[in-house]
Amino acid sequence: MGNKEEYQLRVEDIHLAFGGLQALDGVSTGIKKGEIFSIIGPNGAGKTCLLNCINHFYHPEKGKIIFEGQDITYLKPHRIASLGIARTFQNVELFAHMTVLDNIKLGGHINMKSGFISGGIYYGKTRNEEMAFRKHVEEDIIDLLEIEQIRKSIVHSLPYGLQKRVELARALAIKPKILLLDEPATGMNLEETEDIARFILDINEEWEVTIILIEHDMGVVMDISDRVCVLDFGIKIAEGAPEEIRHNEHVIKAYLGEEDLTYSRLGA
Amino acid sequence: MRCGDFKEDYIKDEEIFQSYFVKFWLTLFFIFLIIFPFIANYYMLYVANMIGFAIIGAIGLNLLTGFTGQISLGHAAFIGVGAYTSAIMITRLGFSFWLSLPFAGLVAALAGMIIGIPSLRVKGLYLCIATLAAQFIFEFIFVHWESMTKGITGIHIPPPRISSLEFTTEKEFYWITLFFVVLGVGYARNLVRSKMGRAFVAIRDRDLAAEIIGINLFRYKLSAFAIGSFYAGIAGALWVSFLKVVTPDHFPLFLSIQYLAMIIVGGMGSILGSIFGAIFMTLIPELLSYLSEIVKIYAPGNEEIFVPMKGVIFGLLIVLFLLFEPLGLAEIWNRIKSFFRLWPFSY
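Same order as they appear, the protein sequences are chains A and B.
When you line the first sequence up against the numbering used here, it's residues 1 to 268, in that order.
When you line the second sequence up against the numbering used here, it's residues 1 to 347, in that order.
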């Protein structure tokens, strides 16, 4: 695993159980600053559970999560967000009755300072802050994700693919240090998937954001990841560069059990 | 978007009143509000004052229930807390009306925050019951803490004054009401377009997602209770100073339901909706008593049925609006506006 200090986010020996089902059974891993780190595995392997533990939606029975030297295992979800850990969900979790712009602005919540007095007066301090933030949202985020034409639309009226993009935009508005993406390309056609992969690379390079990605589309995972971690039934069975994972025996067994079929699925 | 109405900077795009047309009508409306007391009779001014108090109270409840999604059946209790705080400070401690007002708001806000504590754990129907409990507890306190509230005999309150100028009549009090309504509406409208208001709506729409972007649910839910109750407290203090007497009968459960009806009929999650709802629901009882006057003349003996119908009509309106117009009068208003914006070429 190498030197512990080099990891921006460290997960140590996480155990999580639902009743009798062991969802995560002693998972340990580390994510380096600035990399794209993918978590793959068959359905029910515990990938989303691991992200939920990092966000503290789930409380692991055992284990530690350390972000930039700070133990965040027992912090509340909103505190974790304010440290710069942003997240998107498998099933889009947007504010359905708000406009796209308001959704993205909400991402900036932790970076804005107006309270109930200055907010109610509005003119002056709050307006300057709002306008500066609006400019950032419009010119950096909306422009990057190419959603200019829908910024005033109500979210629930948008197609699924665009909603996923809006959710990504909202996560970006947090100005995250780490971005947790839970299946960003699910339910998208080839073109949209390629767009999303391009956005992820852009965010990773231009914004210097570390990315943790859960994805079933092996093409995307193998193309853009620096390192890949494979989970199966709550146990980490492999970790390494995409090329190593592609030929890893355990991974192949976990996915299909039959070598030739797996090769075709993993694209080797 | 209005045809040919292009914004060139972000400040223009985020203005509340987007076009000169709107600003023009708004100015006319303000001029009307200022000359209104000189042309209206005392009855009309009485109704106008009542509408003003209702607007302040309804905005408070709308911030809590319409924007933050925390349903409250204890709004009348918070109005009562504000009213009694103001009354007791004026009569016992010799405070002036003006100085007692902020305290009325703050004490009501404190009461609201205490009642709001369960909101972190319980939602919807369960929270509704918890606030209902608050309603009964405070009603009980108003009646039975006689050394402080003088029980059912109530407290008489001297009229507000600035040096020698006394605000006794409906016409004089109208200015106080108007001032606080404008202040309250302006504050609320600005609040909901800033960070805090967005956080409120986020909690209502999806609390899980709100937490993930760093919104402290506990803090913002309690803030919503505090601000909503602050408005209630101010509304209560103004109301009883206008009536010059406060008794526990002023704050029954029915008043809480009446306020809920206002925001449902007016439009949940809309400041304009609170105003429409308050006007509408204050005018209905007046309309009913007017109807009974007419019936008394043309069909004597039947006039008794109208005034007790208040409750029936409120209930019916709540159900009908929830079924057919969940966004309330504010949405109807928007539809009318967009109709005329496109008229006569509606495509």
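We put the beta carbon where it would ideally sit given N, CA and C, even for glycine.
Because the structure is a prediction, the values reported are computed rather than measured.
For Thr126(A), the enclosing alpha helix (DSSP H) starts and ends at Lys125 to His136.
If you check each beta-carbon in the region 150-183 of chain A against every beta-carbon of chain B, the ones closer than 7 angstroms belong to Arg170 and Ile174. At least one C-beta of chain B is nearer than 7 angstroms to the C-beta of Phe116(A). Contacts between Lys135(A) and chain B, judged by CB atoms closer than 7 angstroms, involve Tyr10 in chain order. Nearest CB-CB separation between Tyr74(A) and chain B: not below the 7 angstroms threshold. The continuous beta strand (DSSP E) containing Lys62(A) extends over residues Lys62 to Phe67. Any Cβ of chain A closer than 7 angstroms to the Cβ of Lys123(B) would place that residue at the interface, and such an atom is absent.
In terms of Cβ geometry, Phe242(B) and Phe173(B) form a close pair [threshold 7 angstroms]. DSSP places Gln22(A) inside the beta strand (DSSP E), whose first and last residues are Leu21 to Lys32. A distance below 6 angstroms between beta-carbons, with the five flanking residues on each side excluded, links Ile39(A) to the following residues of its chain, in chain order: Lys47, Ile214 and Cys229. Cβ atoms of Ala83(B) and Gly236(B) come within 8 angstroms of each other, at about 3 angstroms. Taking 9 angstroms as the upper bound on Cβ-Cβ separation, chain A lies near no residue of the region 101-126 of chain B. Counting only the Cα atoms, Asp9(B) lies some 15 angstroms from Glu129(A). The beta carbon of Gly161(A) sits closer than 6 angstroms to those of Met188 and Glu192, all from its chain and outside the five residues before and after it, given in chain order. Chain A has no Cβ within less than 7 angstroms of the Cβ of Leu283(B).
Taking C-beta atoms as the reference points, Ala96(A) and Val155(A) count as a pair closer than 7 angstroms. Taking 7 angstroms as the threshold, the shortest C-beta distance from Met196(B) to chain A falls below it. In terms of beta-carbon proximity, Ala209(B) lines the interface with chain A, with at least one pair separated by less than 7 angstroms. Contact of Ser223(B) with chain A by beta-carbon distance below 7 angstroms involves Phe116.
Not a single CB atom of chain B sits nearer than 7 angstroms to the CB of Ala132(A). For Ala235(B), the enclosing alpha helix (DSSP H) stretches over residues Leu217 to Leu243. Between Leu317(B) and Gly267(B), the beta carbon gap of about 13 angstroms keeps them out of contact (Cβ cut-off 8 angstroms).
For Phe18(A), DSSP records a beta bridge to Leu21(A). DSSP, read as helix, strand or coil, puts Val209(A) in coil. In the three-state DSSP reduction, Tyr126(B) falls in the helix class (H, G or I). Counting of Cβ neighbours within 10 angstroms places Ala299(B) among the exposed residues, the total staying below 16.
The shortest C-alpha to C-alpha distance from Val47(B) to any of Ile31(B), Thr169(B) and Pro160(B) is the one to Thr169(B).
Pro77, His78, Ala81, Ser82, Arg87 and Glu93: these are the residues of the region 59-93 of chain A whose beta carbon lies less than 7 angstroms from some beta carbon of chain B, given in chain order.
In the structure shown, the three-state DSSP call for Val47(B) is helix. Under a 10 Å Cβ-count criterion, Tyr187(B) is classified as buried, with 16 or more other Cβ atoms of the shown protein chains found around its own Cβ. C-alpha of Gly69(B) to C-alpha of Ile271(B): approximately 14 angstroms in a straight line. The beta-bridge partner set that DSSP reports for Gln70(A) consists of Phe67(A). Distance between Pro184(A) and Leu51(A), taken at the CA atoms: about 14 angstroms.
Using a Cβ-Cβ cut-off of 7 angstroms, Glu331(B) is close to nothing in chain A; its nearest Cβ partner there is about 13 angstroms away. For Arg92(B), no beta strand (DSSP E) segment is defined, and its DSSP state is neither H nor E.
Contact annotation for His97(A) against chain B: Asp205 [CB-CB distance below 7 angstroms, chain order].
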